[in-house]
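Chemist: Before I ask anything, here is the structure I am working with.
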Amino acid sequence: MEVNLENILKKIEDFFQYQSELNVPIYLPEKFLEIINQQIKLNTQFIDSFLSKISEPFVGAKSLSELDSLINKCVKCSLGNLRKNFVFGVGNPNADIVFVGEAPGADEDEQGEPFVGKAGKLLTETLSTLGFRRDEVYICNILKCRPPNNRDPLPAEVEKCEPYLLKQLSLIKPKIIVALGRIAGNTLLKKNETLSNLRKNIFNYYDIPFFVTFHPAAILRNPNWKRDFEKDLEIMKEFYLSLAEKKKVL
Ligand code: URA
């Protein structure tokens with residue numbers, strides 16, 4: 009078995025299981041506790057506690073594909089009756105980085121996959137200049153169905169759809185989240201800030217480090233911002249690598 013953090017945690021879990029079956033007091037060395045604490049901090053206890061208050065079948069999904077099959081017929085809001093395709097999300101189910109846009113556009117609605125139009129192509133290219141493949145990260149949207157004429161998501165739509173995103177995050181357990189664009193950032197953070205203010209900070213979304221950068225469509229409209237977009241993503245990569253580095257030391 010490869011020695012990495014996931015496997016160490018699996019072993020700790022098995023150890024816990026074994027001790028509780030034997031009904032003996034549980035003893036864990038300090039270092040293990042540190043690792044567990046950090047995992048909990050970087051993972052999803054706040055999301056899980058939010059989801060535990062919802063009594064719907066999707067909350068119990070054990071995988072992204074099961075979740076998709078439980079929610080992709082959703083008609084909780086009117087967008088459900090307007091869509092061609094439900095746009096669940098794509099990428100690595102164990103991704104460390106999740107990119108979140110606001111809602112599918114026409115291309116995405118047509119193909120059932122997020123960020124596949126011109127903006128998506130730019131996102132994929134920018135990721136690859138930073139050394140990330142599209143299938144290595146996870147990409148999704150707050151809303152899973154396209155709003156008419158690409159209008160901004162309405163609060164009532166977000167209220168219905170955000171729990172699906174939370175469940176995705178709870179299954180993926182990313183180390184960082186990157187919101188693409190002011191609307192996605194403000195919507196999830198429940199703020200009303202300018203993009204430049206949002207870009208200056210690292211926020212906390214259900215205890216997961218949360219960055220906001222440009223929407224790739226904005227870069228298409230104003231290519232002068234491309235370098236700033238790349239710089240934002242470089243900073244996120246540095247932050248992400250520093251987390252990975254910290255874990256190796258523990
Ligand atoms: N814009 C978004 O916010 N999401 C997509 O999937 C495509 C364009």
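Take the position in the sequence shown, starting the count at 1, then add 8; the result is the number in the working numbering. Think of the CB as a built atom: it goes at the ideal place given N, C-alpha and C, for glycine as much as any other residue.
Does the beta-carbon distance from K183 to Y248 come in below 8 Å?
Modeler: Here the question's residue 183 lines up with position 175 in the sequence shown. Here the question's residue 248 lines up with position 240 in the sequence shown. Against a cut-off of 8 Å, the Cβ pair of Y248 and K183 comes out as a contact.
Chemist: Return the first residue and the last residue of the alpha helix (DSSP H) that C169 is part of.
Modeler: Residue mapping note: residue 169 aligns to position 161 of the sequence shown, counting from 1. Taken as a continuous stretch (DSSP letters only), the alpha helix (DSSP H) holding C169 covers P163 to I180.
Chemist: Leaving aside the five residues before and after K84 along the sequence, list all residues of the same chain whose C-beta is less than 6 Å from its C-beta, in chain order.
Modeler: Counting from 1 along the sequence shown, the entry for residue 84 is found at position 76. Here the set comprises K168.
Chemist: Mind checking whether the beta-carbon of G120 lies closer than 7 Å to any heavy atom of the ligand URA?
Modeler: Residue numbering aside, residue 120 sits at position 112 when the sequence shown is read from its first letter. Not so, every heavy atom of the ligand URA lies at least 7 Å from the Cβ.
Chemist: Could you give the C-beta distance for G109 and L188, rounded to a whole number, given that I count them as a contact under 8 Å?
Modeler: Translated into positions along the sequence shown, residue 109 becomes position 101. Translated into positions along the sequence shown, residue 188 becomes position 180. Indeed they touch by this definition, with Cβ atoms about 5 Å apart.
Chemist: Could you give the first and the last residue of the continuous alpha helix (DSSP H) run that contains A192?
Modeler: Along the sequence shown, one-based indexing puts residue 192 at 184. It spans R190 to L197 - the alpha helix (DSSP H) in which A192 sits, taken as one unbroken run.
Chemist: P165: beta carbon under 7 Å from a heavy atom of the ligand URA?
Modeler: Here residue 165 refers to the residue found at position 157 when the sequence shown is read from its first residue. For clarity, residue 165 is Glu in the given sequence; the question names Pro instead. Answer for E165: no, Cβ out of range of the ligand URA.
Chemist: In chain order, what residues of the same chain have a beta carbon less than 6 Å from the beta carbon of D160, not counting five sequence neighbours either side?
Modeler: Position 152 of the sequence shown, counting from 1, holds the residue named residue 160. Answer for D160: I191, listed in chain order.
Chemist: Could you tell me which of P171, P155 and E118 sits nearest to L78, measuring between CA atoms?
Modeler: Along the sequence shown, one-based indexing puts residue 78 at 70. Considering only alpha carbons, the answer is P171.
Chemist: Which residues end up in the neighbourhood of the ligand URA when you take C-beta atoms closer than 7 Å to any of its heavy atoms?
Modeler: Those satisfying the condition are, in chain order, V95, G109, E110, A111, P112, G113, E116, P122, F123, G125, A127, G128, N149, L188, G189, A192, H223 and A225.
Chemist: Looking only at its own chain, which residues have a Cβ that is under 8 Å from the Cβ of P101, when we skip the five neighbours before and after it?
Modeler: Residue 101 sits at position 93 when you count from the first residue of the sequence shown. Same-chain partners within the cutoff: S71, L72, Y146, L179 and I180.
Chemist: Is the beta carbon of T134 closer than 8 Å to that of F54?
Modeler: Position 46 of the sequence shown, counting from 1, holds the residue named residue 54. Position 126 of the sequence shown, counting from 1, holds the residue named residue 134. No; because the gap between Cβ atoms is not below 8 Å, this pair is not in contact.
Chemist: Just tell me which of K61, D115 and G120 has its CA closest to the CA of D76.
Modeler: Your numbering for residue 76 matches position 68 in the sequence shown. Among K61, D115 and G120, the Cα nearest to that of D76 belongs to G120.
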